[in-house]
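Quick note on the numbering used here: the sequence shown kicks off at 177 and runs consecutively.
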Amino acid sequence: MKIHHIGYLVKKLPQAAQAFRALGFFGQEDAVRDEERKADILFLEKDGYRVELISPYSGDSIVAGLLKTYRNAPYHICYEADDFEADMQRLEQTGYVRMGDPQAAPAIGGRRVVFLMHAAMGMIELLEREQNG
Ligand code: NI
């Protein structure tokens, strides 16, 4: 598995993106709306680091709850799977608990993602590898 991105919660996406750009981050111009998670998502990168800015657009978004806890802050590292099913199983056998079923991520080309929780390490995201990519 390789690190794909760092998920970063932000309350105000345009302002946060502007602040990241001022630090030299570049990339995607317009956020993608994720109707499932009720959040707007924008990917930026710098020096080989990819950051996913995530901002809830509705109070009942799962992300809104996280934002209350963490405020503007990084909150997960996403790993790109070599083999999505096999990696998910292996993680579950080594202390990770899956948080729900895998879901398509509109902001990442519809690739499947799943979040897993580890008692000693917190939350990670597992991302399906790009098909034919
Ligand atoms: Ni993510």
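Quick reminder that beta carbons are idealized off the backbone N, C-alpha and C, glycines included.
Quantities reported herein were computed from a predicted structural model and do not represent experimental measurements.
Spatial neighbours of G224 in its own chain (CB-CB distance under 6 Å, excluding positions within 5 residues in sequence) are not present. Within the same chain, and ignoring the five residues on either side of R288 in sequence, the residues whose Cβ sits closer than 8 Å to its Cβ are F260, P278, Q279, A280, A281, L303, E304. Sorted by position in the chain, H181, G183, E228, H252, C254, E301 make up the residues whose C-beta lies under 6 Å from a heavy atom of the ligand NI. L243 counts as buried, since at least 16 other C-beta atoms from the protein chains shown sit within 10 angstroms of its C-beta. Counting along the chain, the unbroken beta strand (DSSP E) around I179 starts and ends at 178 to 185. DSSP places R266 inside the alpha helix (DSSP H), whose first and last residues are 260 to 269.
Scanning the stretch 209 to 288 from its first residue to its last, the whole beta strand (DSSP E) runs of 3-plus residues come out as 215 to 222, 225 to 232, 249 to 256, 272 to 281. As a beta-bridge residue in DSSP terms, F202 pairs with E221. Rounded to the nearest angstrom, the gap between the Cα atoms of F202 and L229 is 12 Å.
In terms of Cα proximity to A249, the closest of L199, Q307, A192, R209 is A192.
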